[in-house]
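>
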RNA sequence: GCCCGGGUGCUGGAAAGGUAGACAGAAGGGCCUUAAAAGCCCUGGCCCCCAGGGGCGUGUGGGUUCGAGUCCCACCCCGGGCACCA
C-alpha cells in the first residue's frame, strides 16, 4: 500500500494549475457573479513567517469555497515593497534596496506557490515598480489639486534613530513603532493628507460595512469624536478672545482658572516673566513619552494675567501647564476643578478654588450628573438640561457655540527617507509648489550612494535629480526630496489589481465597477487602525473625484488573531520569527495549512507550537490511504446506491457542517474536525461497507465527499483523492449539497431529565408527537429508580430533543 | 482610568438557554513485528464504587429559569486598543 507522500503529490498539482492558469479570471462578466476575495498584501522582508501562512490559508479556503459555490473569484497577490527594513538593510550592507527587495519577493513568490495558494498571478505587482508608483504619484496629484494634500509647518513626531517624521499612528507609547526609539517633538514643514475632513464620514459609514465590532470600536476611538461647545474667554488687558473647547458647558460656573498649553503662541504675550519662559522652554524640549507619563504631577506656572468667565463676568487667573495639549481643541482650557480630575489635581497643587456646581457624589471631583448649584439662574435644573440652555444662551450672546472635536489628526505622509515613492512636486522660487505634469510621471527614484538618514532625505544628495525646470514658468526649480509613507502605497493597491496592466490609467472605470468593493478582506487585526482607516479615506476621496463608484473599499472584513511566539509578537529584532518552511518541507503544504487552521478559530490569537501537527498529518494520511484502498477495490461509478447507511448519513452531516462553518463564520477548526469525524467513521466501517456493492458505493461516496470538503484547506490532497475516486477534478465540481432527507434519521436520541439533570438517554422515532415523546420518557427505568416515590409536578417537553420532569 | 475580547480536562480547543469536554495533542494499555518505526484498536475531568452506578465539576459570589459554560448584576484575573483628549 502506498504511503501519503506530499512531496510527490503537491508539485504535481501545482504544475497543473500553473500550466492551465486555473486561477486566472478575466474582467469580462460571464454568467457567474463576481466576487473579490483579498488578503492583505505582504511586506516582503526576508521570507514569509507563520502569520503569512495563516492569512493565505484562510483566504485561500474562502476563495476556493466561493469559486465552487458558483462565483467568479478575483484572488490576486502583490507586494508592499517600499519601506524601512529594506532601506536599513541597505545602510548596513550597501546593497541597493531594490536588490534585497527583489530577492525577498522572489522568496515570497516561491513559497506562496509551494503552498499551492490559488492566486491569479497575471495581476501580480509590487508597489516599488515605477509602473505602479507612477499611479501612486498620479493619485497624490489629484489629492493635491483638491487641497487634500497640503504642506504645513507642524509640531511633528521625530524619530531620532530613523531620522524621519512619523505619523501619529506610528507612535506607540511615545516610541517609534518600527525601531522603538523615543520620539521627540519637532517643528517642521511636512506634507499632510486632510483625512480630518472625512472624520464624520469615516464614522458614519461603518454602518454600511460588515466589520468585526472590535475593529469598528477601535476606529471610532481613534477618530474620537466628542460633542461640546466652543466658549470664548476674553483677556481685557490685550483685548484678545480665547476660545476653549469643552464637553461640559454645564460646569461653566465652576470654572475657577484657565490653562494654556506651553506651545500656545500667546503664553509669552500674556507674560514676560522668566519663570514662565523657562517653564515653556523645558516643556517644549521634553519627549512626548516623558510628558505623557501616567503619574506625572500637574506642574504649571501662573501667567499673572486673567480672563473673563463669560457666564458670570468673573476674572479668573491664567496658567501655563503641560497637561494641556496644543493639538487638541484650541490649546487652552477652562478649568473646572470640582468636576474634572485633572483640573482638581492642579488646583490642589496650586491652592486654587474648587467650586462645586453640580450636586452628587460625596467627594470631589465629581464627574457624574445632578442638579445645578451656584450657577445663577440655572440653579436647580438638572445638568443635562442646563447643558443645552447654557449653550443656547451663550450662542445668543455671541460668547459661544456648539462644536465637535476630533482626536483624529491629519495624516502626515512625508518621510525623509530614500526607499519610498517620490512626491511629484517641484519647488519654484517664482511659482511656489508646482505639480509635476501627469505626462511626466513617474518621477523616478534616482540612485544614490548613501542611504543613511541625516535629518533630510537621502534624495537631497542626488543633485542632478533635484535640479529641474519649473513645469509652470520654465525657470530653475528643485524637486521635493521627501518620499511618501508606505501606507500611501497600500491605500489603493486593491484597486490596481482590478486592472493591473493598464498603462493609460491607474484603472479603468469598468474594471473597478466589475470587482469593487472587495467582498471579503482578510488580514491581521494589527492593521485595524492604520491601513484600514487610510484605505477607507482614499476611497472616499476618490469617490468624491468621480474616480471610483464605491465609498467603502472592504464590504466585509475578517481579522485573524496574531500568532505569537512565547507570548510575544514575532519580530526580526526579537529573533522569535517562525518560518513555515521547515513545516512545509517536513509534512507538506497541505498539512501545514490544515494545522494552522485546525488549532483554533482563526479569529483568535495563538501562541505558536507545532505540537499536534502530527495529528493533522496522520488524518490526511488516513484519508489518502483509505482512498487508495477504495479506488483499487472498485471502479469509479455513479453516486451511492442502496439503502442509506450511517456512513452515508455521516457524509451528508459533514457536508452540512463544513458548509455552515466555513460559509458563515470562518470556523475552519470545526470544519476540519467534521471531516476528521467522517474519516474516522470510514475507518470504523470500511470493512463491513466494502463487503457489499451498495456499501462499497457509499464508502466511495463518503471518501470522495471527504476529499471534496478538505479541498479548500488541503487543495493538493483534495484534488488527488477526488480524482482517484471519481476521475474528475474537484475544483471544477460544484460545492456538495447535503440531502436534507439524509440529515434526518429515523430515530433520534431522547434526553430524559429530572429537575434539569440528565437521568437517561432513550431512542425515539424522529418526528414523534410531544405526548408520545413524554410517554416514552416516562417509561424510563432509570427515571423510575431516581424518582423514588417523588411526585412529578411539571413536565417540560422540548420537541425532538428532551423531556424534563420536575418533581418534589 | 475608559472601550473591546476572553477565563472550560495535563494541553490546543468543542458545545442555536437543553447530554459539558466534539476533534486533536501529550499519556497509558493492547494487536502486528525477531525488534523498532509506521499502522490499527482500546482507555482517558475529579472523587467514591460490589463496574451497575452515585456524588462533584466550565475564574468567584449572587440572580433569572423547569433547566445556565451560555442570559443579568457585582467582583477577580488574562489579552488587545486608547489615554492628562478638556
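Numbering (our numbering), first residue to last: -13 to 794. Just so you know, even glycine gets a beta-carbon here, dropped at the ideal spot from N, CA and C.
In the DSSP output, which residue or residues are listed as bridge partners for residue 352?
Position 366 of the first chain, counting from 1, holds the residue named residue 352. According to DSSP, which records beta bridges pairwise, residue 352 is partnered with nothing at all.
> List the residues that DSSP assigns as beta-bridge partners of residue 357.
Along the first chain, one-based indexing puts residue 357 at 371. Paired residues: 368.
> Taking 6 Å as the limit between beta carbons, can you name the residues of its chain near residue 780, skipping five residues before and five after?
For the purposes of this step, residue 780 is taken as the residue at position 794 of the first chain. Same-chain partners within the cutoff: 792.
> Give, in chain order, every unbroken run of the alpha helix (DSSP H) that is at least 4 residues long and sits entirely within the stretch 636 to 705.
654 to 676, 679 to 696
> For residue 235 and residue 160, what's the separation of their Cα atoms in angstroms?
Translated into positions along the first chain, residue 235 becomes position 249. Translated into positions along the first chain, residue 160 becomes position 174. Going from the Cα of residue 235 to the Cα of residue 160 covers about 32 Å.
> Check whether the stretch 235 to 250 and the stretch 295 to 311 touch, using three or more Cβ-Cβ pairs below 8 Å as the test.
Under the 8 Å Cβ criterion, the stretch 235 to 250 counts as touching the stretch 295 to 311, having at least three qualifying pairs.
> Compare the Cα-Cα distances from residue 336 to each of 354, 295, 287, 353 and report the closest residue.
For the purposes of this step, residue 336 is identified with residue 350 of the first chain, where counting begins at 1. Ranking 354, 295, 287, 353 by Cα distance to residue 336 puts 287 first.
> When we look at the beta-carbon of residue 460 and count the other beta-carbons within 10 Å, is it buried (16 or more) or exposed?
On the first chain, residue 460 is found 474 positions in, with the first residue counted as 1. Per the 10 Å Cβ criterion, exposed.
> Given this structure, state the Cα-to-Cα distance separating residue 100 from residue 479, to the nearest angstrom.
Here residue 100 refers to the residue found at position 114 of the first chain. Here residue 479 refers to the residue found at position 493 of the first chain. Put simply, the backbone Cα of residue 100 is about 24 Å away from that of residue 479.
> Among residues of its own chain, excluding the 5 on either side of residue 116, which ones have a beta-carbon nearer than 7 Å to its beta-carbon?
Position 130 of the first chain holds residue 116. Taken in chain order, the residues that qualify are 428, 430.
> Does the distance from the C-beta atom of residue 882 to that of residue 400 stay below 9 Å?
Since the first residue shown for the chain is -13 and the last is 794, residue 882 is missing from the structure and cannot be characterised.
> How is residue -10 classed by DSSP in three states: helix, strand or coil?
Along the first chain, one-based indexing puts residue -10 at 4. Residue -10 sits in coil when the DSSP states are folded into three classes, being neither helix nor strand.
> Using the rule of at least 16 other Cβ atoms within 10 Å of the residue's Cβ for burial, across every protein chain shown, is residue 729 buried or exposed?
Stepping through the first chain from its first residue, residue 729 is reached at position 743. By the 10 Å Cβ count, residue 729 comes out exposed.
> Between 95, 776, 748, which has its C-alpha nearest residue 741's C-alpha?
Taking the first residue of the first chain as 1, we reach residue 741 at position 755. Taking only the C-alpha atoms, the option nearest residue 741 is 776.
> Taking residue 521 and residue 495 to be in contact with their CB atoms under 8 Å, please state how far apart those CB atoms are, rounded to whole angstroms.
By one-based count along the first chain, residue 521 stands at place 535. By one-based count along the first chain, residue 495 stands at place 509. Contact flag wrong, Cβ pair sits at about 19 Å.
> I think residue 46 touches residue 104, with their Cβ atoms under 8 Å apart; what is that distance to the nearest whole Å?
On the first chain, residue 46 is found 60 positions in, with the first residue counted as 1. On the first chain, residue 104 is found 118 positions in, with the first residue counted as 1. The Cβ separation is near 6 Å, so the contact holds.
> Find out if the Cβ-Cβ distance for the pair residue 135, residue 98 is shorter than 9 Å.
As a working mapping, residue 135 is identified with position 149 in the first chain. As a working mapping, residue 98 is identified with position 112 in the first chain. Going by C-beta atoms, residue 135 is not nearer than 9 Å to residue 98.
> With a 10 Å radius around its C-beta and 16 neighbouring C-beta atoms as the bar for buried, classify residue 804 as buried or exposed.
Shown here, the chain extends from -13 to 794; a query on residue 804 therefore has no answer.
> On the DSSP bridge list, what partners appear for residue 172?
Within the first chain, numbered from 1, the residue matching residue 172 stands at position 186. DSSP lists 142 as partners of residue 172.
> Should residue 736 and residue 748 be called a contact, given that it needs their Cβ atoms to be closer than 9 Å?
In the first chain, counting from the first residue as 1, residue 736 sits at position 750. In the first chain, counting from the first residue as 1, residue 748 sits at position 762. For residue 736 and residue 748, yes; Cβs fall inside 9 Å.
> Give the range of the alpha helix (DSSP H) segment to which residue 402 is assigned.
As a working mapping, residue 402 is identified with position 416 in the first chain. That residue, residue 402, is in no alpha helix (DSSP H); it is neither H nor E in DSSP.
> Taking only the alpha-carbon atoms, compute the straight-line gap between residue 695 and residue 639 and give it to the nearest angstrom.
As a position in the first chain, residue 695 is number 709, starting the count at 1. As a position in the first chain, residue 639 is number 653, starting the count at 1. As the crow flies, the alpha-carbon of residue 695 is around 12 Å from that of residue 639.
> My output table needs one value for residue 747: the three-state DSSP class, helix, strand or coil.
For the purposes of this step, residue 747 is identified with residue 761 of the first chain, where counting begins at 1. Strand at residue 747.
> Run through the DSSP bridge pairs and tell me what residue 232 is partnered with.
Numbered from 1 along the first chain, position 246 holds the residue referred to as residue 232. For residue 232, which the question treats as bridged, DSSP gives the partners 215.
> Between which two residues does the alpha helix (DSSP H) holding residue 498 run?
Residue 498 sits at position 512 when you count from the first residue of the first chain. Its alpha helix (DSSP H) spans residues 495 to 501.
> What residue range does the beta strand (DSSP E) around residue 388 cover?
Walking along the first chain from the start, residue 388 turns up at place 402. 386 to 391 is the extent of the beta strand (DSSP E) around residue 388.
> From which residue to which residue does the alpha helix (DSSP H) around residue 74 run?
Mapped onto the first chain, residue 74 falls at position 88. 70 to 79 is the span of the alpha helix (DSSP H), which, as asked, contains residue 74.
> By a C-beta neighbour count over all protein chains shown, 10 Å radius and 16 as the cutoff for buried, is residue 54 buried or exposed?
Numbered from 1 along the first chain, position 68 holds the residue referred to as residue 54. Residue 54 should be labelled buried.
> Excluding sequence positions up to five away, which residues of its chain have a Cβ less than 7 Å from the Cβ of residue 155?
Taking the first residue of the first chain as position 1, residue 155 is located at position 169. So the qualifying residues of the chain are 515, 516.
> Check whether the Cβ atoms of residue 397 and residue 523 sit closer than 9 Å, and answer yes or no.
Here residue 397 corresponds to residue number 411 of the first chain, with the count starting at 1. Here residue 523 corresponds to residue number 537 of the first chain, with the count starting at 1. Yes, they are a contact pair.
> Kindly identify the DSSP beta-bridge partner or partners of residue 22.
Translated into the one-based positions of the first chain, residue 22 becomes position 36. Residue 22 pairs with 60.
> Among residues of its own chain, excluding the 5 on either side of residue 213, which ones have a beta-carbon nearer than 6 Å to its beta-carbon?
Stepping through the first chain from its first residue, residue 213 is reached at position 227. Closer than 6 Å at the Cβ level, and outside the excluded window around residue 213, lie 390.
> Run through the stretch 701 to 781 for me and flag every whole alpha helix (DSSP H) of 4 or more residues, listed as ranges in chain order.
701 to 712, 726 to 729, 756 to 764, 767 to 773
> Can residue 582 and residue 547 be called in contact, C-beta distance under 9 Å?
Within the first chain, residue 582 is the residue found at index 596, counting from 1. Within the first chain, residue 547 is the residue found at index 561, counting from 1. Cβ distance not < 9 Å, so residue 582 and residue 547 don't count as in contact.
> Quick one: is residue 778 buried, meaning 16 or more other Cβ sit within 10 Å of its Cβ, or exposed?
Taking the first residue of the first chain as position 1, residue 778 is located at position 792. Residue 778 comes out exposed.
> Can you give me the start and stop residues for the beta strand (DSSP E) that residue 320 sits inside?
Residue numbering aside, residue 320 sits at position 334 when the first chain is read from its first letter. Boundaries of the beta strand (DSSP E) around residue 320: 318 to 321.
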